[in-house]
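To start, the structure under review is shown below, and the notes come after it.
In full-length UniProt numbering, the protein residues as written are 1 to 698.
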């Protein structure tokens, strides 16, 4: 009997099939002597939409809300139904005896597979492939140690609860707001409290009142010292600051105390997904979504890193034996850094990283044993891989040791202080690749307690208090993690969703709420905007996944909450004005037009839900790039035909000036699929495939 293996994507299925020796290729699966490997295309099954329960729900009406089915139904997604049917036919084969779930090893991956199994009414045994990297060794070991499917039923239950909660609350509240206030308004279990945090920071900025303050710096002998009182260096009265300046000038400073403290900074733990997204945002300006996409390529395509969507920064104790192999894997790019660690036989100095209790579904993100070929990586992949590798290498180096010297002077009952930091052992900072602050140039080593020193120039510096900065993606990810909003796998999507729904804008790496976002928060119940309450739900979902929660009770509470939230919107007397309403009227129905920003420029759309009139406000943007500034050029139709224009650079090009170069990447992929009937030819260039096809024809 054969095992039917389900991967989440065709690319992963291809790799599994290669390792398992499945050489027979079909358009929807690979087959070998023991295994048949097929794939989903992301989700093939989804929860039924309201109109699938009753056609009347196709038209959104406030009076018909809330929509709360007694039992949530499933349906096959139309666009990918061909692949579902292929899996269904494979499952019906008499020679198939068991089903191996090989989708992503997480909550969402479990849902992808289980919904397919539920829909095809699978009754035979189920096993689970649970691996943390895509290397050949990991795949082989994983198939030798398959886990019983029953072990993951609680994880599936948690995924169903999450999916149903998002459907019930997100769909009902969004429909209620949209129909009540006649504008597309989207609210949800995680996105609304995330928006609330952006607005909370905006509120702090708006309420902020800048204040003047002064700081005092003084020369004590050859040293630079600062005035301070009980740890405070700011003086909020100009008169007081000038009095102190006068008091200090040309006086003697007595050294009251000199403290020396040796300090140690432990090695940082490896990355989980959220911290990696935060660091990539700070260092390279990557959005959380971009980091996820680049990381997925490093994991799936290059097989250089372990499973990305992890919430743990620890490793299991059995992984200690794999450290030397991982160091060997990175040697081609990090020889100087890895050599000392290999000389110690890959012994990890940061022992606290091995902690089985702090590893949930997956351990921290670290390099695999796969051999590194830096030339194969894109610039973005190199940057992200470098962060992961250096954080991993830090584990093999000693802690950072330094000495802090603090000198305190007394001048006419005023206090002046000077500080110095001396590095004793650079330790793991040798490999982190950051520019560390230089050790202080002034030397306090020669000072003697009780001795007096001349006070030289005393400088008064006027400054202003500054408002807090708007949240960066790094900041919002930290807040989402703190309150347990979403999971490492979903946080990037949530940020993109609040941007695409026009309640938040991304400007110069910071998140700004829009007028629409400010109004939306006023329209929804505080219960939905509170990060603390949403965090409670996430905790409950985690408990259900661990087999300690009650899914029935959770679903019941979500239904009650949905009904309450919709009822409040229905009876609300609040008002809303579309932020993008213009003064121009629709030529077809007479309603006012709304202005929307799209990737092709600004467009005007009719505000009436029944009318579909729209037109471009700005000239349409083409895919042609300006030869000077490289921005997308406008496309126009003139008397002589179509032409491209870049207004800022005053560049105009005729449309026929630039003939199409060959085929697009998408067209090339389709041609390669057409002329590459066998798995062995996968990866061969299009030219070679066409040549081979012509020879076959001859």
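Idealized CB from N, CA, C, for every residue including glycine.
On a predicted model such as this, the values are computed, not experimentally measured, just so you know.
Inset, instruction - Report yes if the C-beta of residue 181 is less than 8 Å from at least one heavy atom of the ligand GDP; otherwise report no. - result: Absent from the structure shown: the ligand GDP. Ligands present: none.
Inset, instruction - Given a cut-off of 9 Å, decide if residue 498 and residue 191 are closer than it, judged by their beta-carbon atoms. - result: yes
Legend entry - Extent of the continuous alpha helix (DSSP H) run through residue 157: DSSP places residue 157 in the uninterrupted alpha helix (DSSP H) bounded by 153-165.
Legend entry - Cβ-based neighbour list, residue 47, same chain, cut-off 6 Å, excluding 5 preceding and 5 following: Its chain contains 72 and 167 as the residues whose beta carbon lies nearer than 6 Å to that of residue 47, once the 5 sequence neighbours on both sides are disregarded; these appear in chain order.
Inset, instruction - Please check the pair residue 15 and residue 109, which I expect to be a contact at CB under 8 Å, by giving their CB distance rounded to whole angstroms. - result: Their Cβ separation, rounded to whole angstroms, is 16 Å, which puts residue 15 and residue 109 out of contact at 8 Å.
Inset, instruction - Would you be able to state if there are at least three C-beta pairs under 8 Å between the stretch 210-222 and the stretch 238-254? - result: yes
Inset, instruction - Please say whether residue 367 and residue 306 have beta carbons closer to each other than 9 Å? - result: yes
Inset, instruction - Within the same chain, show all residues whose beta-carbon is closer than 8 Å to that of residue 471, passing over the 5 residues directly before and after it, in chain order. - result: 197, 198, 201, 479, 510 and 511
Legend entry - Outcome for residue 519 when other beta-carbon atoms lying within 10 angstroms are tallied against a minimum of 16: buried
Legend entry - Range of the contiguous alpha helix (DSSP H) that encloses residue 89: 81-91
Inset, instruction - Quick one: grab the DSSP three-state call for residue 67. - result: coil
Inset, instruction - To the nearest angstrom, report how far apart residue 133 and residue 365 are at their CA atoms. - result: 10 Å
Legend entry - Spatial distance of residue 583 from residue 638 (CA atoms): 29 Å
Inset, instruction - Return the CA-CA distance between residue 462 and residue 229, expressed in angstroms with no decimal places. - result: 18 Å
Legend entry - For residue 227, the residue or residues it bridges with in DSSP: 416
Inset, instruction - Please say whether residue 565 and residue 173 have beta carbons closer to each other than 9 Å? - result: yes
Inset, instruction - Spatial neighbours of residue 208 within its chain, please: CB distance less than 7 Å, with the 5 preceding and 5 following residues excluded, ordered by chain position. - result: Cβ neighbours of residue 208 within its own chain (closer than 7 Å, five residues either side excluded): 467.
Inset, instruction - Answer with buried or exposed for residue 253, where buried requires no fewer than 16 other C-beta atoms within 10 angstroms of its C-beta. - result: With 16 or more neighbouring CB atoms inside 10 Å of its own CB, residue 253 falls in the buried class.
Inset, instruction - Check the C-beta distance from residue 611 over to residue 595 and give it rounded, since I have them as a contact under 8 Å. - result: Contact between residue 611 and residue 595 does not hold, since their C-beta atoms are separated by about 16 Å, which reaches or exceeds 8 Å.
Legend entry - Spatial neighbours of residue 543 in its chain, beta-carbon cut-off 7 Å, leaving aside the 5 residues before and after: Closer than 7 Å at Cβ, skipping near neighbours: 549.
Legend entry - Contacts around residue 539, its chain only, beta-carbon distance under 7 Å, and the 5 residues preceding and following it disregarded: 484
Legend entry - Member of 27, 653 and 413 whose CA lies at the smallest distance from the CA of residue 82: 27
Legend entry - DSSP three-state assignment for residue 15, whether helix, strand or coil: helix
Inset, instruction - Output yes or no for whether 9 Å exceeds the beta carbon distance between residue 348 and residue 320. - result: yes
Inset, instruction - Using the Cα positions of residue 425 and residue 404, report the straight-line distance between them to the nearest angstrom. - result: 13 Å
Inset, instruction - Report the option in 277, 482, 296 and 220 whose CA atom is closest to the CA atom of residue 415. - result: The option with the nearest alpha carbon to residue 415 is 220.
Inset, instruction - Could you pull the start and end residues of the alpha helix (DSSP H) that residue 569 belongs to? - result: Per DSSP, the continuous alpha helix (DSSP H) segment holding residue 569 begins and ends at 551-571.
Inset, instruction - Can you tell me which of the three DSSP states residue 596 falls into? - result: strand
Legend entry - Three-pair Cβ contact test at 8 Å for the stretch 391-410 versus the stretch 256-273: yes
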